Every structure is written in structure tokens, then in C-alpha cells.
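A.B. asks: Under the working numbering, think of the first position of the sequence shown as 709, with each following residue one higher.
In this text, a Cβ means the ideal position worked out from N, Cα and C, and glycines have one as well.
Everything numeric in this text was worked out from a predicted model, so none of it was measured.
Below you'll find the structure I mean.
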Amino acid sequence: MFTYLAVDWWKVKSADNLLLARAEQLLRRDSVIAKAAARLKESRAKAVRYWDRWCSHRLRDSLCKGELVLLYNRSLESQWGKLFANQWNDPYRVVSQFPGGSYQLKELDVMLLKRRAAATHVKRFYARGSTGFDQTAESDDSEEEVRVPEDAFSSASSEGAEGTGAAASDEDSGLEAASEEDGADQAPPPLRRSWRLRTAGDSAKKAGAGKAVAGKSHK
């Protein structure tokens, strides 16, 4: 792995200069790689501190030792045709948590996983029947049904029918009275001629008056 930033290539103008540049490049290879690795490590540490400072409100409480968790299968993100694949692997057990936030997981036996698990790739595993939802469903099924006598339904339906009939008759009478009052109060609107008709009538009157004046003058 050679880097082209360690040599001033603008000064290379002959074969001897090129050989010297290649030799200098080989000599400075290890130091340049070490410096690049140190800068990369520092930048990643800054990114971690930035995330911890600005996204601390999104972090949940730490998982306890011995809890069952599911591990996100990140390899599916770079594969095609895995839309409906299982994205969470089978439950694992938490062994410990590292200072950076990642977890050390193991199988349900004593087999440790080789790689650490990021905190964002781990979520709690809830076994079926371990939550209060199943208990609530069982309590709902165990409740006795309340029986209501049929006489109550028949009497309630008859009273409701009578009430609805009386209310409908009252509404019809009220609508008829309101329509009569509206008809009595409303009068036909006055007729109005348009602007064109008025101007045409005025011009005709003026023309007739002019003819009458002209006839009188001839007489």
C-alpha cells in the first residue's frame, strides 16, 4: 500500500528523481500508514462522543446480565431478494456490557459470540405468555355472560317505537307550520330591467322627442 501524498511529485522530472521518489515513498510507508491509522481512530472516537452527546435521549436503559435479547441481522441490508427474510436472529443471553455501549452475547448455553453486538442492534426478547396480555385475555374469557330477560327487550322496543312515532309527528307538524309562515312572509321580488334595456328605452324616447320637435318646426 503506497501513498502518493508523501512525495512532492512536482519536482520529479527525470529518471533519477523518480527513483529517489520511489525510494522515499518506500521509506516513509510505515510512518504514513501509522499516522493515517491514528487520525482514523481519533475521528471515529470523536464521532462516538458526538453521538453520545446529541443522541443520549434516544438511548434506553442498559440491559441486565442474563436477559434474553434478539440480534439484528445486518447482513441482509446488502443482499437482494431478502425483503421477507427474518431480520432478527434467535434469542441470545446478555453476558456483559462494554464501556462503549456494545454487548457481549452468548448462546443459550455457554458458547460466546465472536463479535460484539451494538446497542442499536439488540432488543429485548419477550417469550409468548410472559406478558400481561395473555392473562387479560384469559380473564375476559372467564367472565360470566350477563343474561337480560326478554320482557325487558320487548318493553324497551315498544316504548322506543312509540317515542319515535310521536317525535316524527311533532317534527312533521312543525315543518308544515314553518313552511306556511315562510310562504306568508316571503313576497315576490320587484322586477328590474337590465342596463341595456334601460339605455335602449331612453334612446328611443329621445329619438321620438326629436322627431316630434322636427315635425313642429316644419309646420
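According to the Cβ coordinates, are Met802 and Lys773 closer than 7 angstroms?
C.D. replies: With the sequence shown as reference, residue 802 is identified as Val, and Met is not the correct amino acid for it. For Val802 and Lys773, yes; Cβs fall inside 7 angstroms.
A.B. asks: Which residue or residues does DSSP assign as beta-bridge partners of Trp788?
C.D. replies: DSSP lists no partner for Trp788.
A.B. asks: For the beta strand (DSSP E) holding Asn781, just list the boundary residues, first then last.
C.D. replies: Taken as a continuous stretch (DSSP letters only), Asn781 belongs to no beta strand (DSSP E), as it is neither H nor E.
A.B. asks: Count Cβ pairs between the segment 784-798 and the segment 738-751 that sit closer than 8 angstroms; are there 3 or more?
C.D. replies: No, the segment 784-798 is not in contact with the segment 738-751.
A.B. asks: Within the chosen definition, does the segment 776-788 reach the segment 827-838 through at least 3 CB pairs nearer than 8 angstroms?
C.D. replies: Because the criterion of three Cβ pairs below 8 angstroms is met, the segment 776-788 and the segment 827-838 touch.
A.B. asks: By Cβ distance below 7 angstroms, which residues in the same chain neighbour Gly809 in space, the five residues on each side in sequence not counted?
C.D. replies: Within the same chain, Gly809 has close Cβ partners Ala827.
A.B. asks: Go to Ser722, then tell me how far its beta strand (DSSP E) extends in each direction, as first and last residue.
C.D. replies: From DSSP, Ser722 is part of no beta strand (DSSP E); its letter is neither H nor E.
A.B. asks: Any idea if Ala755 is buried or exposed, counting beta-carbon neighbours within 10 angstroms, 16 or more meaning buried?
C.D. replies: Exposed.
A.B. asks: Among Ala723, Tyr800, Trp788, Phe806, which residue has its Cα nearest to the Cα of Val818?
C.D. replies: Closest option to Val818, Cα to Cα, is Tyr800.
A.B. asks: Could you have a look at Gln795 and say whether DSSP puts it in helix, strand or coil?
C.D. replies: DSSP places Gln795 in coil when its eight states are reduced to three.
A.B. asks: From which residue to which residue does the beta strand (DSSP E) around Arg832 run?
C.D. replies: From DSSP, the beta strand (DSSP E) with Arg832 extends over 830-832.
A.B. asks: By the three-class DSSP mapping on this structure, what secondary structure does Leu776 have?
C.D. replies: The answer is strand: DSSP assigns Leu776 an E or B state.
A.B. asks: Contact defined as beta carbons within less than 8 angstroms: I believe Val720 pairs with Ala729. What is the distance between those atoms, to the nearest angstrom?
C.D. replies: So it is a contact: roughly 5 angstroms between Cβ atoms.
A.B. asks: Within 10 angstroms of the Cβ of Ala825, are there 16 or more other Cβ atoms? Answer buried if so, exposed if not.
C.D. replies: So Ala825 ends up on the buried side.
A.B. asks: Going by DSSP in three states, Lys749 sits in which element: helix, strand or coil?
C.D. replies: Helix at Lys749.
A.B. asks: Just verifying my parser: in three-state terms, what is the DSSP assignment at Val715?
C.D. replies: Of the three classes helix, strand and coil, the one that applies to Val715 here is coil, per DSSP.
A.B. asks: Count the other CB atoms within 10 Å of the CB of Leu735; is the residue buried (16 or more) or exposed (fewer)?
C.D. replies: It is exposed - the Cβ of Leu735 has fewer than 16 other Cβ atoms within 10 Å.
A.B. asks: From the DSSP output, read off the bridge partner residues of Gln805.
C.D. replies: Note: Gln805 sits in a beta bridge opposite Tyr811.
A.B. asks: How many Å lie between Trp717 and Asp724 at the Cα?
C.D. replies: Cα-Cα distance, rounded: 13 angstroms.
A.B. asks: Specify the secondary structure class of Leu728 as computed by DSSP and reduced to three states.
C.D. replies: Correct three-state label for Leu728: helix.
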